[in-house]
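Step one of this worksheet: look at the structure below.
In full-length UniProt numbering, the protein residues as written are 1 to 608.
Following this line, the structure appears as structure tokens:
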């Protein structure tokens with residue numbers, strides 16, 4: 001017993017002597033020259049430690065460093081690559097033996113990282129890699145896959161503070177400079193199973209943009225380390241740049257996140273989001289543990305004015321730049337990434353204004369699985385009517401294939417065309433449907449490869465820009481030698497009660513074989529083509545008079561009852577040109593008079 005007693009006393013004495021030596025006698029600053037020499041030997045860089053190293057061993061393991069810097073390679077303008085003002089870390093020793101971690105403080109202040117890329121391609125990282133790093137990576141990769149999972153009985157952190165961190169990236173090859181500043185990232189008193197406050201302030205200065213971001217919320221890690229919860233995380237962002245509307249953008253959000261590490265799922269609730277007068281809320285559920293991750297998203301959006309988000313000069317040059325880009329970069333888009341995730345998206349938008357087109361009550365339901373995107377529903381209200389569409393895009397092959405079905409009903413076609421294309425050509429209530437398919441998503445190929453069929457109906461409308469009855473009256477008067485008739489008519493439009501037809505699209509050409517327009521004055525039938533690649537029009541109309549031309553601004557001249565009048569439309573979709581074929585009209589009138597003469601002669605001499 002005495003032996004054991006003295007044995008334990010001796011062991012305890014040795015431990016106390018070791019602690020006394022380490023904490024009182026041992027001076028880590030004696031090793032500073034060796035550390036500096038080792039860094040110089042391994043990297044060729046200069047390591048400077050300006051302040052004394054201080055550390056504690058018992059009852060807490062702690063270290064404090066200050067005024068540390070690591071040089072850039074020789075020949076670089078900035079002497080230091082890394083500089084640190086102060087590092088403080090302190091953890092209780094005895095609880096570690098019970099798998100309990102008690103960190104009194106963990107502070108990092110004044111970290112400055114200056115990265116350079118020279119004109120000859122050299123960077124600040126040159127020479128920092130070593131065989132030892134590769135060896136360590138290889139050894140770590142050979143760890144048994146079934147190694148026991150780490151667990152903690154207790155984790156108590158007094159606080160973590162990372163302050164005044166600055167990263168400067170200088171690219172002399174491209175003459176650009178980026179500066180990222182983390183003013184603060186702090187974590188308050190933290191314990192497993194309890195919420196702790198977290199806060200940050202970050203800024204960035206880039207050649208074409210400046211960003212200021214601030215955020216704070218609550219974070220909790222479950223006792224078993226399987227669940228991470230971020231609650232009511234509020235983020236405020238302010239972005240400045242010439243490419244933004246009014247030169248700046250404010251974007252704020254409030255969100256909560258739950259990550260289940262054991263189930264490999266993430267659930268995000270977007271309580272609120274606001275940017276550029278757009279308000280939204282929604283949710284996002286992700287199952288990332290499967291071979292193909294599954295994402296389910298729901299989003300409710302308020303009023304969206306996309307026109308207000310584009311600078312004026314961008315609106316003016318948008319079409320030209322898109323045209324140049326399409327010809328210069330005629331490369332089929334790679335949609336293989338569609339196979340890497342499964343999506344189920346439901347989006348509702350109160351209203352959307354884009355390219356001056358005004359729509360309301362948008363509903364979009366999209367499902368993507370196995371590389372095939374299926375737009376189950378895309379619907380909205382617009383100009384007194386509705387639009388409903390469905391579509392699929394197959395991205396499994398090198399060249400994508402697609403098909404669609406689109407329907408318009410009860411739409412004020414004139415208001416739609418004026419807002420969308422500034423074309424005041426057609427009036428009335430329109431019903432329209434088209435179904436088609438094609439392959440390739442290149443802009444030119446979209447037009448060339450599209451195969452579609454559709455039909456349309458426009459009721460109680462008018463064709464603006466042309467007064468067909470007036471043109472007929474003028475042509476008739478000229479045939480009679482009156483060159484002044486019709487001058488008083490000023491309204492350039494042709495009213496109709498209905499206009500119907502069908503069309504086909506193939507090889508970039510829309511063909512319409514059966515246009516039929518009816519009005520109290522005239523009947524109009526037509527056929528022709530419209531080239532959607534160069535927008536050229538080639539259309540022939542046949543007009544016949546069925547009522548008195550006086551009904552639409554005409555005088556009391558005799559009507560051309562029953563005479564078929566040829567009418568042509570040339571030009572482009574944006575600038576159509578209407579003309580009356582006078583020669584054909586004369587031929588038609590001559591034929592009619594000849595037939596009348598024949599009938600008269602037959603009546604007169606038929607009895608002989």
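Every residue gets a Cβ at the ideal spot worked out from N, C-alpha and C, and that includes glycine.
Distance between beta carbons of residue j and residue i, contact taken as under 8 Å
i           : j           : result
residue 110 : residue 90  : At roughly 19 Å, the Cβ-Cβ gap does not stay under 8 Å, so residue 110 and residue 90 are not in contact.
residue 220 : residue 193 : 7 Å
residue 184 : residue 166 : About 12 Å separates the two Cβ atoms, so there is no contact after all.
residue 433 : residue 406 : 7 Å
residue 29  : residue 53  : 5 Å
residue 539 : residue 569 : 4 Å
Rounded C-alpha distance that separates residue i from residue j
i           : j           : result
residue 461 : residue 520 : 12 Å
residue 466 : residue 536 : 19 Å
residue 456 : residue 380 : 19 Å
residue 524 : residue 545 : 9 Å
residue 383 : residue 409 : 10 Å
residue 428 : residue 352 : 23 Å
residue 441 : residue 157 : 54 Å
residue 270 : residue 346 : 14 Å
residue 355 : residue 436 : 25 Å
residue 245 : residue 290 : 41 Å
residue 532 : residue 248 : 38 Å
residue 98  : residue 155 : 11 Å
residue 612 : residue 403 : One cannot answer for residue 612 here, as it falls past the ends of the chain, which runs 1 to 608.
residue 211 : residue 180 : 9 Å
residue 371 : residue 443 : 21 Å
residue 295 : residue 103 : 37 Å
residue 494 : residue 387 : 27 Å
residue 51  : residue 33  : 13 Å
residue 424 : residue 414 : 7 Å
residue 47  : residue 164 : 21 Å
residue 41  : residue 88  : 27 Å
residue 203 : residue 359 : 37 Å
residue 500 : residue 364 : 30 Å
residue 117 : residue 75  : 12 Å
residue 331 : residue 445 : 11 Å
residue 273 : residue 254 : 7 Å
residue 147 : residue 263 : Only weak support is given to the placement of residue 147: the predicted model assigns it a pLDDT of 41, under 50, and the question is left unresolved by the model.
residue 518 : residue 243 : 51 Å
residue 505 : residue 268 : 45 Å
Per-residue burial, residue i [other beta carbons within 10 Å of its own, 16 or more giving buried]
i           : result
residue 396 : exposed
residue 292 : exposed
residue 77  : exposed
residue 350 : exposed
residue 120 : exposed
residue 94  : exposed
residue 578 : buried
residue 304 : buried
residue 411 : buried
residue 453 : exposed
residue 175 : exposed
residue 217 : buried
residue 474 : buried
Three-state secondary structure assigned by DSSP to residue i
i           : result
residue 556 : Unreliable positioning characterises residue 556 in this predicted model, as indicated by a pLDDT of 47, which lies under 50. A coordinate reading is not provided.
residue 307 : helix
residue 337 : helix
residue 41  : helix
residue 208 : coil
residue 507 : coil
residue 375 : strand
residue 573 : coil
residue 190 : strand
residue 223 : coil
residue 546 : coil
residue 174 : coil
residue 350 : strand
residue 292 : coil
residue 532 : coil
residue 200 : strand
residue 87  : strand
residue 29  : helix
residue 520 : coil
residue 365 : strand
residue 53  : coil
residue 118 : coil
Contact test: residue i Cβ vs the ligand NAD heavy atom, cutoff 6 Å
i           : result
residue 170 : In the structure shown, the ligand NAD is absent, as is every other ligand, since no ligand is present at all.
Continuous beta strand (DSSP E) assignments of at least 3 residues falling wholly in the region 397-479: 401-412, 426-439, 451-464
Segments of 3+ residues assigned as beta strand (DSSP E) that fall wholly inside the region 232-265: 248-260
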